[in-house]
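K.L.:
Residue numbers (the working numbering): 1090 to 1232. First the structure, then my questions, so here it is.
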Ligand SMILES: C[S@@+](CC[C@H](N)C(=O)[O-])C[C@H]1O[C@@H](n2cnc3c(N)ncnc32)[C@H](O)[C@@H]1O
């Protein structure tokens, strides 16, 4: 699937399904939040949720005092849904509409989180581009 088809696909998913109607909906993203807590990372750390969609991970990170959060997704619809849910709390978040396979990160992060985005990249060139992006975006010593 090329980048435009991929974006159109995900935009249509989020435009036609309510948050709870998608098969990957998680009321409480506890597994990811627990893993992040286990790393011992501080709340001042920069965290990016790649392919974050409308996930509630960002809600949980904000509740835990994280102040440098970015959520990247191909679908502007998905990010708008998350922003609507969070209201003013979402203003502190960097919302990035981009395809991770072509995105050029302008800064570095301490932690890269991905739940269920990477596996959609079936083309080896896309997977390589993803890994190159991750290596550029995560600061040395980051995770
Ligand atoms: C199965 S959903 C998971 C969403 C979210 N991580 C969660 O746990 O609810 C996959 C997400 O990856 C996003 N995605 C797929 N390919 C992407 C790409 N190349 N770049 C950025 N986001 C992508 C989709 O728009 C979608 O929001």
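Glycine residues also receive a C-beta, built at the ideal position from the N, C-alpha and C atoms. All values reported here derive from a predicted model rather than from experimental measurement.
Taking 9 Å as the threshold (C-beta atoms), are residue 1151 and residue 1138 in contact?
P.N.:
Going by C-beta atoms, residue 1138 is not nearer than 9 Å to residue 1151.
K.L.:
With three or more beta-carbon pairs closer than 8 Å as the criterion, would you say the region 1182 to 1202 touches the region 1214 to 1226?
P.N.:
With the cut-off at 8 Å, the region 1182 to 1202 and the region 1214 to 1226 touch.
K.L.:
Between which residues of its own chain and residue 1166 is the CB-CB distance below 7 Å, once the five residues before and five after are set aside?
P.N.:
Excluding residues within five positions, the ones whose Cβ falls inside 7 Å are 1100, 1103, 1104.
K.L.:
So, residue 1143 versus residue 1170, is the Cβ gap smaller than 9 Å?
P.N.:
Contact: yes.
K.L.:
Could you check which residue in 1194, 1220, 1222, 1154 has the C-alpha nearest to that of residue 1130?
P.N.:
Nearest of 1194, 1220, 1222, 1154 to residue 1130, Cα basis: 1154.
K.L.:
For chain D, find out if any of its Cβ atoms is closer than 9 Å to the Cβ of residue 1175; answer yes or no.
P.N.:
The chain inventory of the structure shown lacks chain D, comprising one protein chain alone.
K.L.:
Span of the beta strand (DSSP E) holding residue 1159?
P.N.:
Here the beta strand (DSSP E) through residue 1159 covers 1157 to 1162.
K.L.:
Suppose you measure from the CA of residue 1195 to the CA of residue 1158; what does that come to, to the nearest Å?
P.N.:
Taking the straight line from one Cα to the other gives about 14 Å.
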